[in-house]
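Input: a single structure, listed below in structure tokens.
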Amino acid sequence: GENVEQHPSTLSVQEGDSAVIKCTYSDSASNYFPWYKQELGKRPQLIIDIRSNVGEKKDQRIAVTLNKTAKHFSLHITETQPEDSAVYFCAASMNNDMRFGAGTRLTVKP
Amino acid sequence: DTGVSQDPRHKITKRGQNVTFRCDPISEHNRLYWYRQTLGQGPEFLTYFQNEAQLEKSRLLSDRFSAERPKGSFSTLEIQRTEQGDSAMYLCASSSREPAGEQYFGPGTRLTVT
Chain A
5 GENVEQHPST LSVQEGDSAV IKCTYSDSAS NYFPWYKQEL GKRPQLIIDI RSNVGEKKDQ
65 RIAVTLNKTA KHFSLHITET QPEDSAVYFC AASMNNDMRF GAGTRLTVKP
Chain B
900 DTGVSQDPRH KITKRGQNVT FRCDPISEHN RLYWYRQTLG QGPEFLTYFQ NEAQLEKSRL
960 LSDRFSAERP KGSFSTLEIQ RTEQGDSAMY LCASSSREPA GEQYFGPGTR LTVT
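First to last, the sequence lines map onto chains A and B.
Residue numbers for the first sequence follow this note's numbering, beginning at 5 and rising by one.
Residue numbers for the second sequence follow this note's numbering, beginning at 900 and rising by one.
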């Protein structure tokens, strides 16, 4: 089955800096790659996603890139703000079988 | 609130007892998923329904776990003879047919087995 690895497990940045989180997946058939943000005690919230027919997608300060050949995808957050502090999860899916990474705890220091 | 809802939000039970959780998906979503999340980990897939049909079950789902979605709307997850290792957050998510894949999560039910 699909295996998703996520790095780093923790990331601390200064407010205004950029943050990058990377994930790799094992199943070349996976075709949908969402990113979720989870604040303490709250539900995971979908923040951006990308499908296998696209290499890059951007939404304001958030962007995701996908390299199908290398089977890795990344989340980029620019101009980070303290409210970006949370745990971020990547996931890979084919049809409805979604597998999540272990998460990255992002801390943005003011 | 038109999002995914779950009930109860918290459940404390003694080892060996049975528990049942409920999930109400977004009304127009025909796909429903159950996940388990432990501290410091991402959600782990348990099972998936399309309408009332349970189409996939994870190997993580032991015989003590059963899920139903009898009318293709709400779903229940039952755990029989609970064990301390069952303590976790149980998350439900739903998605619509198109675009496939976008799953929206409920707030979860936190189970503590003492």
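Don't be surprised by glycine CBs; every beta carbon is placed ideally from N, CA and C.
Just so we're clear, the structure is a prediction, and the values are computed from it rather than from any experiment.
Query raised in the report: What are the residues of the stretch 950 to 981 of chain B that lie near chain A, defined by any Cβ-Cβ distance shorter than 8 angstroms?
Result: L954, E955
Report task. Report yes or no: do the stretch 102 to 111 of chain A and the stretch 948 to 958 of chain B share at least 3 C-beta pairs separated by less than 8 angstroms? Result -> no
Query raised in the report: Is F973(B) closer than 7 angstroms to R47(A) when the C-beta atoms are compared?
Result: Position 43 of the first sequence, counted from the first residue, corresponds to residue 47(A). Position 74 of the second sequence, counted from the first residue, corresponds to residue 973(B). It is not a contact, given that the beta carbons lie outside the stated cut-off.
**Report entry** Contacting positions in the stretch 50 to 64 of chain A - beta carbon closer than 7 angstroms to chain B
**Finding:** L50, D53
Query raised in the report: Based on Cα-Cα distance, which residue from N35(A), L15(A), G5(A) lies nearest to H76(A)?
Result: On the first sequence, residue 76(A) is found 72 positions in, with the first residue counted as 1. The candidate whose alpha carbon is nearest that of H76(A) is N35(A).
Query raised in the report: Nearest chain A C-beta to Y989(B) closer than 7 angstroms, yes or no?
Result: Counting from one through the second sequence, the residue named residue 989(B) turns up at place 90. So, not an interface residue.
**Report entry** C-alpha gap between S993(B) and R930(B), whole angstroms
**Finding:** Position 94 of the second sequence, counted from the first residue, corresponds to residue 993(B). Position 31 of the second sequence, counted from the first residue, corresponds to residue 930(B). Rounded to the nearest angstrom, the two C-alpha atoms are 5 angstroms apart.
**Report entry** 7 angstroms Cβ cutoff, P12(A) in contact with chain B
**Finding:** The residue labelled residue 12(A) in the question sits at position 8 within the first sequence. False, the Cβ-Cβ gap to chain B never drops below 7 angstroms.
Query - Contact set between P1006(B) and chain A, taken where Cβ atoms lie within less than 8 angstroms - result: Numbered from 1 along the second sequence, position 107 holds the residue referred to as residue 1006(B). Chain-ordered, the chain A residues with CB closer than 8 angstroms to the CB of P1006(B) read K46, R47.
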